[in-house]
Amino acid sequence: MRRLLTGNAAAAWGARLARADYVPAFPITPQTEIIELLAQWFGSGELRGRLTLLESEHSMLTAAAAAAATGVRVFTATSSQGLLYAMEMLYAVPGWRAPFVLVNVSRGLASPITLESDHNDVLAARDSGFLQFHCASCQEVVDSVLLAYRLAEDPRVRLPALVNLDGFHLSFTREPVDLPTAEAAAAFLPPFESQGIEFRAGRPVSQAVAVLGGSAYSYFRYETHLAAEQALQAHGAIAAEFAQRFGRRHDAVERYRSDDAEIAFFMIGAFATKAMDAVDRLREAGIAAGLVRPRLLRPYPAAALQRALAGKRAVAVIDQNLSVGKGGVLHGELASVLYGQPDAPLLASYIGGLGGRDISAGEFFQIARELQDAVLARRVPPPRLLYTAGELRQMRNLQAIAAGERGMPEARA
Amino acid sequence: MNPALRRMKDLPSTHLLGAGSAMCAGCGGLLALHEICDLLGARTVFVNAASCMTLLASYPFTPFRGSWLYTAMASAPAGAQGVRDALDILSERGRLPPEQDLTAVALTGDGAATGIGLSATAGAIDRGLDFIYLCYDNEGYGNTGQQSSPATPLGARTATSTGAHGHPASKMDLFAIWVAQRPAYAATVIGADPLDLARKIDRARALKGPRLIHALAPCPPGWSFDPAEGVEIGRLAVKTGIWPLKEYVDGRVVHTHVPHPRLPVEEYLKRQGRFRHLFEPGRDTRVLAQIQSQVDAYWEQVCA
Ligand SMILES: Cc1ncc(C[n+]2csc(CCOP(=O)(O)OP(=O)(O)O)c2C)c(N)n1
Ligand code: SF4
Ligand SMILES: [Mg+2]
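Protein chains in written order, with the numbering used here: chain C, 1 to 413; chain F, 1001 to 1304.
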């Protein structure tokens, strides 16, 4: 069934096709359409179960994990400030080993406050223990929700999963989406299995208890880490089954015209489609460019990335996030798995697309040129913060207006 | 009221909460919890917030016959919500035989109940969540060394109220905050009056919806008294009128015990090191009078 859907509607459809039993919710722009649609479907009986509006995202995450630990399939969604408000629980609940799916609609973090997208919110959850999927299209959003449930609920894994889509660029953009039928989705994703993690009278369970000492603590932390690593292998098999059933391949690492490329862009999320466009135009101009895009960020597909990038001459990591005082998060992560590898490319760092700022075709070409220069000079250029002279001029204008506004009372007097 | 709960000997004789936990000797909170567990039985899941009681379940041991879920300091009621919602969903689907159903009990200290967890609590009451909220009130952040919480009473010395007159603010009225939201039930209890406590647990158990059990919890290290005196101090809290025993049911507040004659508050205060500065080196007549007049005003309004 092919339909025009926004990224938000696609996320809600993912939950519907997964037959989520329970949706604890709290509204935040740009996520609201997801929970409103689900509320409608629970109301009309198209979806069986319950949506409960909590009074904060911290409570929402607590309720989500508590319900999962009681043995039902749980879906929830948030964005930006909401994700950070829930951060304490985000780090706490993976250790409960009660899987569920959380959709994050990426939005830049205050300050200054904005509604538009970048990835600092979701990367703050990077080390939490949630599996992390990053989508570049509305189709991928539906598919990733289903894949995320399969992977999260896999007996080798049993960890919650986060599916990320970019605010506005995906959340509010309508794209044609192939919706799996309910039967096909059910065949791919069987009913939720608690595997004994559930609260029932007569079978007492103690969840999330305290430990005394570093040995017990380390044991459980390592166990969670190893489960996340096992998810990498499990993901391969699950993605292959998905491709076989639905005809769409969603590998942990997507390679776009990169196999014979000399230079490559490295990005996650919706803006990667802009990079694909740039790759096509660079190829037309005779430049062997490609794109490498991890869909799975946790667990980190290190080996697949090493394979995908070995032999490239230079790679530009374009980070839509900023680790203040360090730079791009994805750049540092990629460097850590390429360092010391035979045939590792030069690795350049670019920050761009913060708070919804566009990355233009011209900028992709400029980056490609700088990579070519780096190859010739055998030197990595310093990290760059993308910003144009035109933007700076506009900003100066705004600052002049702000200064004028501040001066106004005196001016009147 | 359950006619079977008339005398002390009507109280359960089997004890469900295991001994040998990491709590202090003479812990008034633990005393109340023991009594409450015996009455609630094993078909419970205690959803805990960070507090002294978090250490009750320390891997691989638990003193509980039922289940346990530690959440975080702020969100025990939300944990109870998730568990309850999930059990309801399973039950609607016919996937939960009635005998496997559980009562969700949020178990927190006063700090979580009156501060960091108050919005989660208000949300749960507003949603009509079917749960019991058990707050044991040691009048401070006990687990972290007894700093002042919103439940710390006027004049008490805490790790953060070390001035000459002790804690400068009055105790937050958690019971009134609950009652303002018209819950199914709310009661104050104390481990030192097990019969009154048992009747209230019995009543709470039979109801559905948000139910508060607020237990004053004399705390030997936090309040500075000898562990052997905990029960006596608890009784004095009631006899001086400092800790009114009451319940809210069917839309009305009823006092289950009206102390008569009321002892002067000093009888209670002078037994505890946290109030010693009100008596030594000289009497702090202003603060002592203020505490007494607050208690007097309370009971005047009750008996009016
Ligand atoms: C978010 C957060 N902040 C602070 C703490 C540290 N902390 C643990 S227990 C506690 C005191 C809890 O006080 P209360 O609820 O009265 O329970 P008590 O310790 O007195 O039993 C604090 C502040 C924490 N665990 N989590
Ligand atoms: S500090 Fe007080 S409340 Fe905490 S365990 Fe000890 S006696 Fe009980
Ligand atoms: Mg306390």
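Ideal Cβ positions, reconstructed from N, Cα and C, are used throughout, including at glycine. Model, not experiment: these values are computed from the prediction.
| Item | Value |
| --- | --- |
| Residue burial classification, C:R406 (beta-carbon count within 10 angstroms, cutoff 16) | exposed |
| Any chain F beta carbon closer than 9 Å to C:P101 | The sequence given here places Val at residue 101 of chain C; Pro does not occur at that position. So no, C:V101 is outside the interface. |
| Three or more C-beta pairs below 8 Å linking the stretch 1154 to 1165 of chain F and the stretch 90 to 106 of chain C | no |
| Below-9 Å beta-carbon distance, C:T62 vs any chain D residue | In summary, chain D is missing from the structure at hand, where the protein chains are C and F. |
| Top-ranked residue by Cα proximity to F:V1249, from F:V1179, F:L1040, F:S1149 | F:V1179 |
| Cutoff 9 Å: F:P972 Cβ touching any chain C Cβ | Here chain F has residues from 1001 to 1304 only, and residue 972 of chain F is not among them. |
| 9 Å Cβ cutoff, F:Q1292 in contact with chain C | no |
| Beta-carbon proximity check, C:T52 vs C:P24, cutoff 9 Å | yes |
| CB contact check: C:M1 to chain F, cutoff 9 Å | no |
| Contact with chain C by F:L1030, beta-carbon distance below 9 Å | no |
| Helix, strand or coil at F:W1299 [DSSP, three-state] | helix |
| Straight-line gap, C:A411 to C:G390 (C-alpha atoms, nearest Å) | Residue confidence for C:A411 is low, a pLDDT of 46 falling below 50, so the modelled location carries little weight; the figure read from the coordinates is stated next. Straight-line Cα distance between these residues: approximately 30 Å. |
| Segment contact, 8 Å Cβ cut-off, at least three pairs: the stretch 1084 to 1091 of chain F with the stretch 1106 to 1120 of chain F | no |
| Neighbourhood of C:G353 by C-beta distance below 7 Å, restricted to the same chain and skipping five residues each side | D118, F271, Q320, I359 |
| Proximal residues of chain C, C-beta to C-beta of F:S1067 below 9 Å | F199, R200, A201, R203, P204, V205, S206, Q207 |
| Any non-hydrogen atom of ligand 3 closer than 8 Å to F:A1151 Cβ | yes |
| Residues bridged to C:G327 (per DSSP) | C:S323 |
| Where F:A1164 falls, given that 16 or more other Cβ within 10 Å makes a residue buried | exposed |
| Spatially closest choice to F:L1102 from F:V1253, F:A1187, F:Q1290, F:F1131, by CA coordinates | F:F1131 |
| Inter-residue spacing [alpha-carbon to alpha-carbon] between F:S1224 and F:I1233 | 11 Å |
| Continuous beta strand (DSSP E) stretch holding C:E416: start and end | Within the shown structure, residues of chain C are numbered from 1 to 413, placing residue 416 of chain C beyond reach of any answer. |
| Proximity test, Cβ basis, 9 Å: C:G45 and chain F | no |
| Cβ of C:V324 within 9 Å of any chain F Cβ | no |
| Closer than 9 Å to chain F by CB, C:L162 | no |
| Three-pair Cβ contact test at 8 Å for the stretch 1119 to 1133 of chain F versus the stretch 1073 to 1082 of chain F | yes |
| Proximity below 9 Å, CB of C:G7 to CB of C:D166 | yes |
| Partner residues on chain F for C:R50, Cβ-Cβ distance less than 8 Å | D1085, D1088, I1089 |
| Minimum Cβ-Cβ distance from F:P1077 to chain C less than 9 Å | yes |
| Those runs of the beta strand (DSSP E) which lie wholly inside the stretch 1040 to 1083 of chain F and span at least 3 residues | 1044 to 1048, 1067 to 1070 |
| Beta-carbon proximity check, C:D143 vs C:S80, cutoff 9 Å | no |
| Bounding residues of the beta strand (DSSP E) (the contiguous stretch that carries C:V164) | One point to set straight first is that residue 164 of chain C is Asn, not Val, in the sequence displayed. 161 to 166 is the extent of the beta strand (DSSP E) around C:N164. |
| Proximal residues to F:V1229 (C-beta, below 7 Å), its chain only, five neighbours per side dropped | Here the sequence assigns Glu to residue 1229 of chain F, which means Val is not the residue at that position. Closer than 7 Å at the Cβ level, and outside the excluded window around F:E1229, lie R1271. |
| Selection from C:D373, C:R249, C:E116 that minimises the alpha carbon distance to C:F414 | The structure shown does not extend to residue 414 of chain C, since chain C is modelled only from 1 through 413, so no value can be given for it. |
| Rounded C-alpha distance that separates F:A1104 from C:V205 | 13 Å |
| Under 9 Å (Cβ pairs) to chain C, residues found in the stretch 1115 to 1128 of chain F | S1119, A1120, A1122, G1123, A1124, D1126, R1127 |
| 9 Å Cβ cutoff met for C:Q31 and C:A77 | yes |
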